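**Student:**
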Amino acid sequence: MSLFFIVALPFFGALLPGLMNSAGRAACAGVTFTVSLAAFIGLLTNLPSVLAGDVVTARIDWLPLLGLNFTLMLDGLGFFFALLILGIGLLIIAYARHYLSRDDNMGEFFTYLLLFQGAMVGIVLSDNILLLLVFWELTSLSSFLLIGYWKHLPEGRQGARMALAVTGMGGLAMIGGMLILGQIVGSYDLSVILQNRDLIQADPLYVPALILILLGCFTKSAQFPFHFWLPHAMAAPTPVSAYLHSATMVKAGIFLMARMWPVLSGTPEWFVIVTSAGLITMVLGAVIALFKHDLKALLAFSTVSHLGLITMLLGTGTAFGAMAAVFHILNHATFKAALFMSAGIIDHEAHTRDIRRLGGLRKLMPVTFVIATLAALSMAGIPLLNGFLSKEMVLEEATRTVLFNAPWLVPALATFGSLFSAAYCFRLIGHVFLGPVRDDYPAKPHDPGSGLWLPPAILVVLVVMIGVAPFLAEPFVKLVTASVLGDAADVPKAYFKIWHGLVPALYLSIIAVVGGLLVLGVFKPLLRLWEATPRPEAKAIFEAIVAGTVRTAQNLILPLHNGAFSRYAAIGSVAIIAAGFHAWTTGTVGAPTREMQAAGPVPIAGWLMLVAATGGLVFLHRNRFLSLILIGIVGLMVSVGFVFFSAPDLAMTQFTVEVVTIILLLLALNFLPNKTPVESTVLRRVRDTGVAVAGGLATFALAYHYLLRDAVSTPISEFHLANSYKGGGGTNVVNVILVDFRGFDTYGEIIVLGIAALLIYALTETLLSGPVRAQLLNRKPDQPRAGNMHPMMMVVMTRVIMPVVLLVGFYIFLRGHNEPGGGFIAGLIVSIGVVMQYMASGFGWASARLRYPYHGVIGAGVLIAGLTGIGSWFVGKPFLTSDFTYVRIPPFQEFELATAALFDLGVFLAVVGAVMLSLESFSRLAQRPKASESDYPMDIDPSRDDPPADDAAPESEGV
Amino acid sequence: MELLVASAIGIMTAGGLYLVLRLRTFPVILGISLLTYAVNVFLFASGRLTIGAAPVLRDNLTVYADPLPQALVLTAIVISFGMTAVVVMIGLGAFLGSNDDHVDDQPEGHEDRAEDKP
Chain W
1 MSLFFIVALP
11 FFGALLPGLM
21 NSAGRAACAG
31 VTFTVSLAAF
41 IGLLTNLPSV
51 LAGDVVTARI
61 DWLPLLGLNF
71 TLMLDGLGFF
81 FALLILGIGL
91 LIIAYARHYL
101 SRDDNMGEFF
111 TYLLLFQGAM
121 VGIVLSDNIL
131 LLLVFWELTS
141 LSSFLLIGYW
151 KHLPEGRQGA
161 RMALAVTGMG
171 GLAMIGGMLI
181 LGQIVGSYDL
191 SVILQNRDLI
201 QADPLYVPAL
211 ILILLGCFTK
221 SAQFPFHFWL
231 PHAMAAPTPV
241 SAYLHSATMV
251 KAGIFLMARM
261 WPVLSGTPEW
271 FVIVTSAGLI
281 TMVLGAVIAL
291 FKHDLKALLA
301 FSTVSHLGLI
311 TMLLGTGTAF
321 GAMAAVFHIL
331 NHATFKAALF
341 MSAGIIDHEA
351 HTRDIRRLGG
361 LRKLMPVTFV
371 IATLAALSMA
381 GIPLLNGFLS
391 KEMVLEEATR
401 TVLFNAPWLV
411 PALATFGSLF
421 SAAYCFRLIG
431 HVFLGPVRDD
441 YPAKPHDPGS
451 GLWLPPAILV
461 VLVVMIGVAP
471 FLAEPFVKLV
481 TASVLGDAAD
491 VPKAYFKIWH
501 GLVPALYLSI
511 IAVVGGLLVL
521 GVFKPLLRLW
531 EATPRPEAKA
541 IFEAIVAGTV
551 RTAQNLILPL
561 HNGAFSRYAA
571 IGSVAIIAAG
581 FHAWTTGTVG
591 APTREMQAAG
601 PVPIAGWLML
611 VAATGGLVFL
621 HRNRFLSLIL
631 IGIVGLMVSV
641 GFVFFSAPDL
651 AMTQFTVEVV
661 TIILLLLALN
671 FLPNKTPVES
681 TVLRRVRDTG
691 VAVAGGLATF
701 ALAYHYLLRD
711 AVSTPISEFH
721 LANSYKGGGG
731 TNVVNVILVD
741 FRGFDTYGEI
751 IVLGIAALLI
761 YALTETLLSG
771 PVRAQLLNRK
781 PDQPRAGNMH
791 PMMMVVMTRV
801 IMPVVLLVGF
811 YIFLRGHNEP
821 GGGFIAGLIV
831 SIGVVMQYMA
841 SGFGWASARL
851 RYPYHGVIGA
861 GVLIAGLTGI
871 GSWFVGKPFL
881 TSDFTYVRIP
891 PFQEFELATA
901 ALFDLGVFLA
911 VVGAVMLSLE
921 SFSRLAQRPK
931 ASESDYPMDI
941 DPSRDDPPAD
951 DAAPESEGV
Chain D
1 MELLVASAIG
11 IMTAGGLYLV
21 LRLRTFPVIL
31 GISLLTYAVN
41 VFLFASGRLT
51 IGAAPVLRDN
61 LTVYADPLPQ
71 ALVLTAIVIS
81 FGMTAVVVMI
91 GLGAFLGSND
101 DHVDDQPEGH
111 EDRAEDKP
């Protein structure tokens with residue numbers, strides 16, 4: 001099966017559990033299981049190639065210029081991890097089916113689980129490090145959802161937050177590291193990066209990149225000092241803990257260290273950082289685990305400890321260390337998942353995980369006892385179980401590792417850690433299963449149904465199988481090791497055997513096991529000692545740090561961000577002006593290359609009007625109606641200016657937009673106060689004037705400067721002018737640019753316009769459904785109402801003129817490709833025609849005759865434009881490629897048919913819909929339900945005998 | 001001519017900025033509209049000023065105004081209408097909801113919220 005499917009299956013499958021939720025729990029789990037099984041089988045179909053030593057790849061170039069490609073690769077290492085993720089995933093799904101209670105939303109759980117599974121598989125199969133980072137962050141997010149699955153538990157929420165904060169921060173650091181790595185090599189493809197060991201290690205940025213990447217790995221894999229999040233994530237349901245903390249989430253960091261091993265390892269920096277972090281984590285985790293009373297907490301710290309062990313092995317930088325690490329990853333995944341599931345069974349049956357309240361379960365739960373004991377003994381490193389084999393290799397590697405010039409340091413610490421590891425395993429067996437049967441369990445424990453014990457049992461079979469016959473696992477482990485090592489080293493020849501003879505590792509192993517038993521013997525005094533020792537509480541420290549950060553941010557942000565818009569606007573303006581001034585003074589200004597054009601009396605008169613209107617607007621802005629008229633003049637002069645400077649399309653657009661804008665502001669002013677009171681102090685007005693003048697001078701200087709100079713290089717407009725007719729089939733270059741050359745921009749723009757209109761509609765709906773509605777209904781108009789609501793002359797005029805307006809709109813639309821006009825302008829013209837009906841005949845009259853809702857018109861416009869663009873796919877061209885032809889239907893003239901016209905139709909519809917929806921929404925605010933509309937098409941008809949009742953008039957308002 | 005256009009841009013910017021810094025919603029909206037004019041003309045002028053040479057192809061003409069800034073400004077004008085409409089709606093909604101058309105958070109409103117907290 002293609003690698004794409006293997007990665008995509010869990011993601012697409014994640015849609016199913018939610019849908020199957022109502023079909024019952026079995027169906028829900030069944031569909032999840034099937035999805036995972038399909039991915040698992042898909043993975044297995046690639047086994048022959050992997051065994052043959054091939055690297056299976058799949059590739060889709062997405063943004064090749066940025067090095068961002070969807071490339072996947074499956075080699076031994078990827079296969080190994082994918083096998084763990086999907087294989088243990090299957091067992092977890094089966095287990096979770098029986099573990100979750102009826103109160104839990106199973107569809108939600110399995111959706112998260114599949115998302116997580118997909119993200120994990122994505123990490124291990126990515127060939128592109130940017131893609132890997134995406135999946136990496138996805139695991140952080142989906143594990144957040146999984147850990148916090150029991151939303152009602154505060155510990156669950158806190159644990160999820162902590163996990164997200166720690167692993168998310170690590171992920172951010174890793175992004176930096178990976179980008180540096182990509183820059184060094186010049187490629188973001190892992191397969192290329194892995195070939196460039198010398199280049200990377202010689203680079204001065206190697207150490208920063210290494211530290212950043214390791215930050216990501218250490219946070220994910222809970223290495224010291226980031227180990228604290230993992231135990232808190234135990235508040236998750238047990239299947240999640242078993243999955244995240246045995247085979248997947250925490251192994252992601254380990255995986256990445258293994259993946260990057262060929263290029264990053266072998267340097268002193270790598271050795272010191274990774275080995276010591278691993279050693280500290282291992283010892284610390286083992287010691288804390290022994291004294292935990294919560295079964296899951298014990299297992300959590302033991303996971304921390306074992307991850308430290310694996311990290312240490314990868315840190316040594318030797319081929320044997322890498323092989324031991326791979327083997328231990330496999331073994332740890334099997335026994336730890338089994339142990340977590342057993343802990344879950346105990347919790348499920350005895351209703352407690354507190355070791356102090358358990359004991360004697362051997363007789364009550366014999367099946368669980370066997371499973372858990374075998375797994376725990378394997379973890380302790382007892383012969384004939386797989387944990388013994390890898391622990392032996394660990395200790396052997398430890399005896400060869402010299403850290404800080406002290407040959408005894410690593411073996412001693414490794415043995416010490418193993419000793420405590422053995423001790424907590426024995427404690428788990430001894431204090432939970434052995435001992436006398438008690439009579440004070442919270443619930444009567446008994447073995448669960450096979451659905452719960454079968455999954456861990458399968459894992460324990462593996463534990464024993466590998467332990468008894470290590471040669472079965474040897475070829476596979478060596479294959480994986482070979483792909484970890486890459487070209488950097490050869491796979492060690494060492495054989496996997498139970499009996500290696502009397503080697504030092506065996507003595508260390510014996511010391512650890514015997515020591516572990518002894519420690520358990522003196523457990524009670526040790527526990528008292530432990531509880532008497534003051535220890536830093538990680539959660540408190542973490543929360544103090546978070547609270548401190550929040551406080552700092554608040555102290556910084558709240559004074560700056562105090563809700564005063566005018567202050568932000570002032571700060572923003574000054575900052576922009578200052579930045580522009582800096583650029584201006586540091587740059588060089590060339591001599592003018594253009595002649596100043598002479599200005600005749602008409603332009604000067606226009607300029608005077610514009611300036612007078614602007615000045616009047618500023619000085620008279622307190623009178624809002626007057627200022628509306630003045631801004632209308634400014635807009636008008638701007639459109640006249642556009643005509644003058646050879647921009648007829650712009651002039652028409654500006655002019656029509658001006659009309660709808662003024663109508664809109666008038667509608668708003670209907671509700672707003674008519675006057676702006678004097679509030680600001682003189683000082684403040686002087687300050688604002690200063691800012692305004694500075695801004696005005698700046699734009700003046702900039703505009704004046706470039707108006708007198710030619711463009712530095714040839715503008716791309718030359719291309720547009722040259723190709724408009726040849727390529728776009730239109731002579732109006734502006735319109736051809738809009739619908740053809742830059743059609744994609746226009747497409748985006750009409751969508752934005754549509755969204756703006758919908759936003760206005762939504763805001764109106766919200767206002768009208770809230771308390772504002774009552775206020776609006778009781779509002780007393782602050783202006784005297786007109787006696788004649790719908791003046792007859794105006795009504796007649798607008799209705800007569802309507803077809804003419806539509807005709808003009810149609811004409812402007814059609815000629816747009818070759819003459820000034822087009823969809824935007826036509827849309828605005830038609831909108832004005834429709835608005836006139838609203839204004840003259842009233843909102844109720846117009847909307848009663850409205851056949852299509854404006855939302856639909858917007859949607860139709862965007863759809864038509866989009867489908868026109870998609871149409872070019874069918875002839876194998878990119879999105880929005882346009883075509884045109886000339887048609888002649890006798891007896892008419894020859895005329896042009898262009899697909900761009902269809903696109904322009906979409907623009908037209910979107911503009912009409914958006915403008916109308918906005919204006920209609922405003923008008924709806926003035927609507928009153930009790931204002932009954934007349935049955936007659938007009939209010940006044942001289943030929944009619946029954947004049948409408950006068951008293952109805954003041955209650956309704958025309959809009 | 002260049003001086004006229006540049007000074008018009010400058011004056012509209014200055015007026016727009018002054019109005020944007022006012023304390024009530026309506027003048028601020030007018031200020032934004034004025035700034036929009038200034039920005040649109042500024043963008044348009046980046047194609048330099050050409051008189052009597054509309055970018056509509058004719059057989060015997062070789063000089064045309066720069067069409068690209070025109071196309072960009074055309075959509076900008078329409079979009080700015082949408083934006084103005086949204087801002088007006090927000091301002092109107094705020095005024096109708098609280099009977100207050102200040103653009104800045106008012107101090108007493110802040111205290112009200114503080115009192116709501118237990």
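Those protein sequence lines, which keep their order, are chains W and D. Per the working numbering, the first sequence starts with residue 1, numbered consecutively. Per the working numbering, the second sequence starts with residue 1, numbered consecutively. For glycine and all other residues, C-beta sits at the position ideal for the given N, C-alpha and C. All values reported here derive from a predicted model rather than from experimental measurement.
Which residue from W/G159, W/M596, W/G906 puts its Cα closest to that of W/Y704?
**Tutor:** W/M596
**Student:** Between the Cα of W/G842 and those of W/V796, W/T689, W/V875, W/V804, spot the shortest distance and give me the residue it belongs to.
**Tutor:** W/V796
**Student:** Tell me the rounded alpha-carbon separation between W/G823 and W/S769.
**Tutor:** 35 Å
**Student:** W/L897 by DSSP, collapsed to three states: which one?
**Tutor:** W/L897: strand per DSSP, three-state reduction.
**Student:** Tell me whether W/Y761 is buried or exposed, calling it buried when 16 or more other Cβ atoms sit within 10 Å of its Cβ.
**Tutor:** Burial call: buried.
**Student:** Rounded to the nearest angstrom, what separates W/V611 and W/L697 at their Cα positions?
**Tutor:** 15 Å
**Student:** Suppose you measure from the CA of W/P336 to the CA of W/S246; what does that come to, to the nearest Å?
**Tutor:** Going by the sequence as given, residue 336 of chain W is Lys instead of Pro. For W/K336 and W/S246, the distance between alpha carbons rounds to 6 Å.
**Student:** Checking contacts by CB at 7 Å: is W/A372 closer than that to chain D?
**Tutor:** no
**Student:** Which residues of the region 678 to 709 of chain W have a Cβ closer than 7 Å to any Cβ of chain D? Give them in chain order.
**Tutor:** E679, S680, D688, T689, V691, A692, V693, G695, G696, L697, T699, F700, A703, Y704, Y706, L707, L708
**Student:** Could you tell me the boundaries of the beta strand (DSSP E) in which W/F70 lies?
**Tutor:** 68 to 74
**Student:** From the beta carbon of D/K117, is the nearest beta carbon of chain W less than 7 Å away?
**Tutor:** No answer about D/K117 holds up, because its pLDDT of 39 lies below 50 and its placement is not dependable.
**Student:** Can you check DSSP and say which residues form a bridge with W/K675?
**Tutor:** W/N623
**Student:** Quick check: what's the CA-CA separation for W/P231 versus W/I288?
**Tutor:** 11 Å
**Student:** Using a Cβ-Cβ cut-off of less than 8 Å, list which residues of the region 637 to 663 of chain W approach chain D; keep chain order.
**Tutor:** V638, G641, F642, F644, F645, S646, A647, P648, D649, L650, T653, Q654, V657, V660, T661
**Student:** What span of residues does the alpha helix (DSSP H) with W/Y886 cover, start to end?
**Tutor:** Run containing W/Y886: none in the alpha helix (DSSP H); it sits in the beta strand (DSSP E), 884 to 887.
**Student:** Taking all protein chains shown into account, do 16 or more other C-beta atoms lie within 10 angstroms of the C-beta of W/F327, making it buried, or fewer, making it exposed?
**Tutor:** buried
**Student:** Within 10 Å of its beta-carbon, does W/E957 have 16 or more other beta-carbons around it, so buried, or fewer, so exposed?
**Tutor:** Per-residue confidence for W/E957 stands at a pLDDT of 45, beneath the threshold of 50, marking its modelled position as unreliable; no derived number is given.
**Student:** Near W/V410, which residues of its chain fall below 6 Å by C-beta distance, leaving aside the five closest residues on each side in sequence?
**Tutor:** A398, T401, L403
**Student:** Which chain D residues are close to W/H720, counting only those with a beta carbon under 8 Å from its beta carbon?
**Tutor:** Correct list: P67, L68.
**Student:** So that I know if they touch, is there some Cβ in chain W lying closer than 7 Å to that of D/D104?
**Tutor:** yes
**Student:** Counting only Cβ pairs nearer than 7 Å, list the residues of chain D close to W/L610.
**Tutor:** Among the residues of chain D, those whose CB is under 7 Å from the CB of W/L610 are A8, following chain order.
**Student:** Check whether the Cβ atoms of W/S126 and W/A58 lie closer than 7 Å to each other.
**Tutor:** No, Cβ-Cβ distance for W/S126 and W/A58 is not below 7 Å.
**Student:** Which of the residues in the region 31 to 46 of chain D, read from start to end, lie with their CB under 8 Å from any CB of chain W?
**Tutor:** S33, L34, Y37, A38, N40, V41, F42, F44, A45, S46
**Student:** Identify, in the order they occur along the chain, each residue of the same chain with its Cβ nearer than 8 Å to the Cβ of W/V134, setting aside the five sequence neighbours on each side.
**Tutor:** G122
**Student:** What's the gap between the Cα of D/F26 and the Cα of W/R624?
**Tutor:** Straight-line Cα distance between these residues: approximately 8 Å.
**Student:** Consider the C-beta atom of W/Y188 and the heavy atoms of the ligand FMN; say whether any pair is separated by less than 6 Å.
**Tutor:** Because no ligand of any kind appears in the structure shown, any question about the ligand FMN cannot be addressed here.
**Student:** Quick check: the region 625 to 634 of chain W against the region 22 to 36 of chain D, are at least 3 beta-carbon pairs closer than 8 Å?
**Tutor:** yes
**Student:** Does DSSP put W/V959 in a helix, in a strand, or in coil?
**Tutor:** Summary for W/V959: the model assigns pLDDT 47, below 50, so the residue's position carries little reliability, and this model does not support an answer.
**Student:** Quick check for students: name the residue ranges of the alpha helix (DSSP H) that lie wholly in the region 179 to 224 of chain W, counting only runs of 4 or more.
**Tutor:** 190 to 193, 197 to 202, 206 to 220
**Student:** Would you mind telling me which residues of chain B sit closer than 8 Å to D/D101, beta carbon to beta carbon, in chain order?
**Tutor:** You won't find chain B in this structure, because its protein chains are W and D.
**Student:** Please report the straight-line C-alpha distance between W/L608 and D/P55, rounded to a whole angstrom.
**Tutor:** 28 Å
**Student:** Find the residues of chain D that neighbour W/T731, judging by a C-beta separation of less than 7 Å, and give them in chain order.
**Tutor:** Identification of chain D residues near W/T731 by a Cβ-Cβ cut-off of 7 Å yields V56, L57, ordered along the chain.
**Student:** With a threshold of 7 Å on Cβ separation, who are the neighbours of W/S142 within its own chain once the five nearest residues in sequence on each side are excluded?
**Tutor:** In the same chain as W/S142, and ignoring 5 residues on each side of it, the C-beta atoms closer than 7 Å to its own belong to Y112, L115, F116, A119, in chain order.
**Student:** Tell me which residues share the same chain as W/L462 and place their Cβ nearer than 8 Å to its Cβ, disregarding the 5 neighbours each side in the sequence.
**Tutor:** T334, N386
**Student:** Where does D/A65 fall in DSSP's three states?
**Tutor:** coil
**Student:** When you compare the CB of D/L61 with every CB in chain W, is at least one pair closer than 7 Å?
**Tutor:** At a cut-off of 7 Å, the C-beta of D/L61 has no neighbouring C-beta in chain W.
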